[in-house]
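In this note's numbering, each residue's number is its place in the sequence shown (first place is 1) plus 17. No residue lacks a Cβ here, since even glycine has one placed at the ideal position from N, Cα and C.
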Amino acid sequence: MIEAQDYLLGPVSQMLEAELRAGVRKHGVLVWLDLDDHYSGFVDALIRLRAQLGLPYLVCAWRGSFLELLLTLEPEAGGTQKTPLLIHLPGFTQDTVRGTPLLELYEAGVRFRKALDTLVTEAAVGRVPQGQVAAFLSHADLTLAGADAWLTATLNARSGELADTLRNLPLTALMDDLFAAGAVADRLDAPGNEAVLWEHVQAATGMPADWRDTFAPVAVAKSAQVTFVSAGWALCVEYVHDLSRAPTDPRLQPAIGLPAPLVEACRTLCAHLRAHHPAFYLGVSEDTAGWLGDEAEQARAQDLGRTDTFRFEEETILAAALTALGADRWAAVLAWAGPRVEGDSFWLQREPARISAWKLVEAAARLGAAIEAAGPTLQPAADLAAAVERYRQTGFKVDQAHRHLEQRRIALLYPQVPEFEALRTRLDRVTGLWHDWAEVWALDFNALCLVSGFLPEPRLQQRTLFREVVEPLVAANGPTALFLIDALRYEMGEELFRLLGETPLTRSRLDARLAELPTVTAVGMNALAPVAQHARLKPVMTDAEIRGFLTGEFAVCGPEERKRAMHGKVGGATAPWLTLDEVLTRGESSLKQAVARARLVVVSSLEIDEAGENGVGPAFFDHAIQRLRAAWRLLRDAGVRRFVITADHGFLLVDAASGSVQSHGRKVDPNRRHVLSPHAANHQGEVRVPLTALGYEGTDLHLMMPQGTALFDTGRRRRGFVHGGNSLQERVIPVLILEHRSAAGVDTMQYGIEARALEAVAGMHCIEVQVVSRSQGALDFGGATEVELALRVPETTAVQVDLCQVRGGGRLAGGGLQATVGQPLELFFRLTGADDARVLVELVHPTAEAKVTPCTVEGRFAVVPSRSAPAGERTNSDEAGTDWLTRIADATVRQVFAHLAAHGAVTESEVATLLGGQRAARRFALRFEEHARNAPFGVRIDVVAGVKRYVKDRDD
């Protein structure tokens, strides 16, 4: 194809022709309105080129006769093959052309206009300094031919070896060369070359000729001055064009009107410096920010943009976000937080504690926005079905956002976080807004139940779930899995639904039902078995508490009876009843054998409820969802095609310290959220319902519950995780149904994990992690781009792992780490437990989607004691024996640490004896910290009376 430069057109004309060619190729017909008749000569040249060289589009021009133009176009109008067409109409505007015979052509095509000064500017961008362009455009007799001649002469004047090199060198590559003292830097001492370089940089960035005298008048080494001055200008351009107002500093005025390509060139240079020369960027940005003192002092968050060019921008916006949280300006906070949490802010990447602050700010704003969207009351719901639907549409999002905030608070809110006190105050306030919202919705729901009844219509009842949902699925061929998950409340089920619902070849549905009252495990779990008779339940009572239900000839009060009732209803050769742990730990063949002859496979889990009751619920909830995904995947691969995932009840997540408490008789009488009484007495702040009104037979007891979210005063230590009452959070349970048409399929490639410990940052442990392909001869496109990882403590379950944030090739999602294959990342985390200890951590692939070899990170990590950790289970791993010693490669060094573990201290002379001499003892001292990382206890060095000793920090 003949290109524009082959037409012997000047550089400005070449650009114009390229733009026209692209336009006719895209639109078919281009109608060029040339009001000032700048381009007739150029168009005539195009017509000749069409005839002589075969220009790939037809050019027609009005030269005073409409008839002549229409006759020229007539052959094209009648042909079947439409040729791209350019019609030049000098002297016309969009208004005057409507009064001509060309109106039909004009409306059929796309209008094209181009001011000559704009064309010249665009043609010169990046090739000629902006000052020279402005000087040329100031001439009154501007013509296209003159512009071609000027730009040609200007470019020719900058010829030479260095100029030719620079013309073909990207700006980022030029900066790299100057940093590395490369080929360009080596030539700067030659006469005239420094001026050539400065002129090129001015052209490539739009930098004014006097900028370096204004910005950095002190002379330094040539290459260093070029990089510093160029970077300072680029930072200023990026800052100015990210502002929503004009800059206040008059020295920034030249940056305002830069053409878009120059602005983009400066932004690209800034991004390159941040990514590849961070130490230099840090220095030049701090210097530039100091130079722009007034801008920093007058900066307002609403004026600043998405990119934090300077540190003061991020600091200003964080302060404004905290203020906005206090004023309920959720949308503004989210607009500020999004680019900083999800983006790659240079300042936040360098200071992980600030990312923690932003993540907390974002989580608080999401909760506030969810409360605002849901509305302050449950109205206009008129019955239980409407209330459940209203909660499914908006209410659950509030509770989900509240849980996410509490999870982030546990993982991230530590004194090392900037603005700690202000941030904690704002989080407390937003959590208070949730408590107020939950209280009103609970009051509204209980008021509605008093009018409409506490027992919903059958399609929403928990007792009919097995008959209406499970039995029809079991009737199909192959096994069906029923997951009975204690305390999997609706919002957690919705999150699981989103994670599983997009699975290929899968039909999925998320429904909701109301748990039976009271919302406790003994009621909900046993009601999920087929125990209802004619939609009524016969409770088994012990000490005025419901323990289960009668069905036919036996009582269903526990797992074995539930299994018996379910198996009797659906049949099948076997009826496996597996715990979630059993599903996750069984081998592939064992799991296939377990489900092979079954019609119904039941998977039960109490871990969400147990974690909540032990005070570590929020820290565990994401992990629980991750484990459910893994169990689903394993069972699907084992041959299960249909799944029902549901719960016995939900829960309220309240503030254990400041939550509302109300009395009900003696403190030993009530449970935390309910009491069963033989007396039909109404109490202030409570709702009462006879068990007979709940469809329970054979009992005359009454169920009493707090009207709102308060707890009954039981005299025992309060927990923030509660259930038993009649709030929507406790009663609405998920019914997640999945039907698969095929097995999941596993990525057959082999992956490994490489990891090493880095220095702790802001109270967080840090490890560098990379997932690598281990398949022989594997192609890059043959496997996953991301692999999900989890971090766990292999020696004990008493240590809670909180993943805080990720830097580099990965992201946190769904309670786990999504690691990009082949890209390193830094993972920040915390470990908490009942007491201090030093433990190993292991990276594993939790969801069975690929074959990934686990990796235990070398060295041990300190556990921080937490008052919320469950009492009674110790976290120190040195009780497990001496297996940790095997991780120390040197046998003689193992003897030293075995002595330390047994006796609590070892002197330097004893070390020399154990190691075989003073030289070995000195080598041990040099590598002491490396060895000590493998010990499950801390070791310090003491010097007493001139004797050096290695001392175990704690002797258990």
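Who are the Cβ neighbours of residue i in its own chain at under 7 Å, not counting the five residues just before and after it?
i: ARG128; result: VAL48, LEU50 and GLN111
Excluding five sequence neighbours on each side, which residues of the same chain lie with their C-beta closer than 8 Å to the C-beta of residue i?
i: THR870; result: GLN767, TYR768, GLY769, ILE770 and ARG791
i: GLY825; result: GLN840, PRO841, LEU842 and GLU843
Excluding the 5 residues preceding and the 5 following residue i in the sequence, name in chain order all residues of the same chain whose CB lies nearer than 6 Å to its CB.
i: ARG204; result: LEU179 and ASN210
i: ASP23; result: Any reading at ASP23 must be qualified, since the residue scores a pLDDT of 48, below 50, and its modelled position is unreliable; no value is offered.
i: ILE372; result: LEU365 and GLN822
i: PRO107; result: ASP51, ASP54 and SER57
i: ARG603; result: none
i: THR305; result: GLY249 and LEU252
i: ALA544; result: GLN479, ARG480 and GLU533
Give the straight-line distance between the Cα atoms of residue i and residue j, rounded to the nearest whole angstrom.
i: THR716; j: THR709; result: 7 Å
i: MET583; j: VAL671; result: 35 Å
i: LEU444; j: PHE738; result: 19 Å
i: ARG683; j: GLU703; result: 16 Å
i: LYS555; j: PRO535; result: 14 Å
i: SER680; j: ALA698; result: 14 Å
i: ALA498; j: LEU745; result: 27 Å
i: GLY589; j: ALA613; result: 10 Å
i: GLY629; j: GLU508; result: 16 Å
i: ASP626; j: PHE729; result: 19 Å
i: SER606; j: GLU389; result: 51 Å
i: GLY889; j: ASN463; result: Per-residue confidence for GLY889 stands at a pLDDT of 48, beneath the threshold of 50, marking its modelled position as unreliable; the derived number appears in the next sentence. Cα to Cα, the separation comes out at about 38 Å.
i: ASP819; j: ARG441; result: 19 Å
i: VAL620; j: THR596; result: 5 Å
i: LEU527; j: LEU191; result: 57 Å
i: GLU925; j: ALA915; result: 15 Å
i: LEU214; j: VAL350; result: 44 Å
i: LEU857; j: GLY876; result: 7 Å
i: ALA795; j: PHE514; result: Confidence at ALA795 is low in this model, with a pLDDT of 47, below 50, so the placement of that residue should be treated as unreliable; the coordinate-derived value is given next. Rounded to the nearest angstrom, the two C-alpha atoms are 33 Å apart.
With distances taken Cα to Cα, identify the nearest neighbour of residue i among the options.
i: PHE297; options: ALA241, VAL706, GLN643 and ALA922; result: ALA241
i: ASP345; options: LEU477, ALA386 and ALA380; result: ALA386
i: ALA727; options: LYS586, ALA615 and ASP453; result: ASP453
i: ARG130; options: GLU36, PRO92, ALA615 and GLU406; result: GLU36
i: GLU34; options: LEU52, ALA337, GLY780 and HIS105; result: HIS105
i: LEU90; options: LEU70, PRO107, VAL114 and PRO118; result: PRO118
i: VAL910; options: HIS920, VAL880, ARG944 and ASP900; result: ARG944
i: GLU488; options: LEU159, ILE754 and LEU931; result: ILE754
i: ARG426; options: PHE413, ALA402 and VAL378; result: VAL378
i: PRO249; options: THR265, PRO264, ARG262 and LEU309; result: In the sequence as presented, Pro is not what sits at residue 249; that position holds Gly. Ranking THR265, PRO264, ARG262 and LEU309 by Cα distance to GLY249 puts LEU309 first.
i: ALA978; options: PHE471, VAL29, ALA62 and PRO496; result: Here the chain has residues from 18 to 973 only, and residue 978 is not among them.
i: GLU624; options: ILE642, VAL749, ARG809 and GLY825; result: ILE642
i: ARG939; options: ASN951, LYS965, ARG957 and ALA952; result: LYS965
i: ALA772; options: ASP598, VAL861 and ASP227; result: VAL861
i: LEU617; options: ALA544, ALA539 and LEU501; result: LEU501
i: PHE59; options: ALA162, THR520, LEU154 and TRP458; result: ALA162
What are the boundary residues of the alpha helix (DSSP H) that includes residue i?
i: ASP639; result: 634 to 654
i: ALA402; result: 401 to 407
i: PRO583; result: Looking at the sequence shown, residue 583 is not Pro but Met. Note, MET583: alpha helix (DSSP H), 576 to 587.
i: PRO489; result: 488 to 491
i: ASP194; result: 188 to 196
i: GLU359; result: 347 to 359
i: ARG371; result: 369 to 391
i: ILE334; result: 328 to 343
i: SER247; result: 239 to 257
i: ALA200; result: 200 to 203
i: ASP230; result: 228 to 232
i: SER926; result: 925 to 932
If I follow the unbroken beta strand (DSSP E) through residue i, where does it start and stop?
i: TRP594; result: 594 to 596
i: ASP970; result: That residue, ASP970, is in no beta strand (DSSP E); it is neither H nor E in DSSP.
i: MET781; result: 781 to 790
i: GLN817; result: 817 to 825
Please decide whether residue i counts as near chain D, where near means a Cβ-Cβ distance under 8 Å.
i: CYS821; result: Considering every chain present, this structure includes no chain D. It has just one protein chain.
Item to check | Whole runs of the alpha helix (DSSP H) within the stretch 47 to 97, excluding any shorter than 4 residues | outcome: 57 to 70 and 83 to 95
Next on the checklist: At 4 residues or longer, what runs of the alpha helix (DSSP H) sit wholly inside the stretch 599 to 623?
Outcome noted: 605 to 613
Item to check | Runs of alpha helix (DSSP H) wholly within the stretch 412 to 479 (minimum 4 residues, chain order) | outcome: 413 to 429 and 437 to 469
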